[in-house]
Amino acid sequence: MELDPLSAFFSQQYSALILLGVIVVIVVALVLVVRMNLLTRSDQEVQKKRLDTLWRELGDARVQPPDGVKVPPTLDNPILTEQFLLEKDACEKIWPLVWTLHEKLGVFLLAVESNEPPGETRLSSRNAALDARSKINELRPFYDEEIDSLLTRLIDTEIKAHLAGCQYLDHKPEDLSGPGDDDGARRAFQQKFRHLHDAEARELLSHLIHVMRRRLVRRHD
Numbered sequence: 032m033e034l035d036p037l038s039a040f041f042s043q044q045y046s047a048l049i050l051l052g053v054i055v056v057i058v059v060a061l062v063l064v065v066r067m068n069l070l071t072r073s074d075q076e077v078q079k080k081r082l083d084t085l086w087r088e089l090g091d092a093r094v095q096p097p098d099g100v101k102v103p104p105t106l107d108n109p110i111l112t113e114q115f116l117l118e119k120d121a122c123e124k125i126w127p128l129v130w131t132l133h134e135k136l137g138v139f140l141l142a143v144e145s146n147e148p149p150g151e152t153r154l155s156s157r158n159a160a161l162d163a164r165s166k167i168n169e170l171r172p173f174y175d176e177e178i179d180s181l182l183t184r185l186i187d188t189e190i191k192a193h194l195a196g197c198q199y200l201d202h203k204p205e206d207l208s209g210p211g212d213d214d215g216a217r218r219a220f221q222q223k224f225r226h227l228h229d230a231e232a233r234e235l236l237s238h239l240i241h242v243m244r245r246r247l248v249r250r251h252d
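In our numbering, the protein residues as written are 32 to 252.
Encoded structure:
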């Protein structure tokens, strides 16, 4: 049975509407997909910027030195900065002990040479040497090798000077009015502690100061 012209017309219109509907759905779907991709990409860029900002803030917080500590401008590497701060802190702890040892030993040796009772100066200079050596051993991993070598030599030199001063006392004659049998030995011990304390130790101190300044003190242009 053949369709009349009117039925055929409506059948064609219905098919065209269905096709148009399919096309609209496809277009809308494509638009939604493109929009979702754009939104996703935008969110990713925002998150990336936030992460970059966070890492920069964490990096700044990590390398921020304690109050009052000056970091050389060339130390832009966080690891190098931490090493610098550790070495600076270690040197700031040991230097007062080293200088105190040198001063206390000088007072003791001056009393020895003046034939005055050494009193507490003998014990205090000995304890100062032990304290300095103990602190050096604790902080040795944080020193530069050159500083470590200078500190070790300095403490050993001061200890030798202290021992020579003690030996000078041990050979003290009972009668100070005239030379005794040990007078020659006493002069030898006297020359020894003078050379060790006044010459070698002072030279090592000067060298140590130079090295510490070169490594730790910030220089401004």
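Ideal placement from N, C-alpha and C gives every residue a C-beta, glycine not left out.
- With respect to the C-alpha of C197, the residue from L136, V65, G52 having the closest C-alpha is L136.
- Within the same chain, Cβ atoms closer than 8 Å to the Cβ of M243 are found at C122, W126, I178, the five residues on either side in sequence being excluded.
- For K119, the CB contacts under 6 Å within the same chain, skipping 5 residues up- and downstream, are L247 in chain order.
- Counting only runs of 3 or more residues that sit fully inside the stretch 144-220, no beta strand (DSSP E) segment turns up.
- By the CB criterion at 9 Å, L185 and L239 fall inside the cutoff.
- The three-state reading of DSSP puts V56 in helix, counting H, G and I together.
- Relative to the Cα of K166, the nearest Cα in the group Y199, H133, D175, V129 belongs to V129.
- Cβ neighbours of I190 within its own chain (closer than 6 Å, five residues either side excluded): A160.
- A direct Cα-to-Cα measurement between R233 and H226 gives close to 10 Å.
- If you ignore the 5 residues before and after R217, its C-beta comes within less than 6 Å of the C-beta of Y199, H202, all in its own chain and listed in chain order.
- When secondary structure is reduced to three states using DSSP, V248 falls in the coil class, being assigned neither helix nor strand.
- Remark: C-beta atoms of H228 and T188 approach each other more closely than 9 Å.
- Counting only the Cα atoms, L235 lies some 21 Å from P172.
- The same chain holds no residue with a CB closer than 6 Å to that of Q222 once the five nearest residues on each side in sequence are set aside.
- Between Q114 and the set F224, D175, V55, the nearest pair of CA atoms involves D175.
- With fewer than 16 other CB atoms across the displayed protein chains lying within 10 angstroms of its CB, R66 is exposed.
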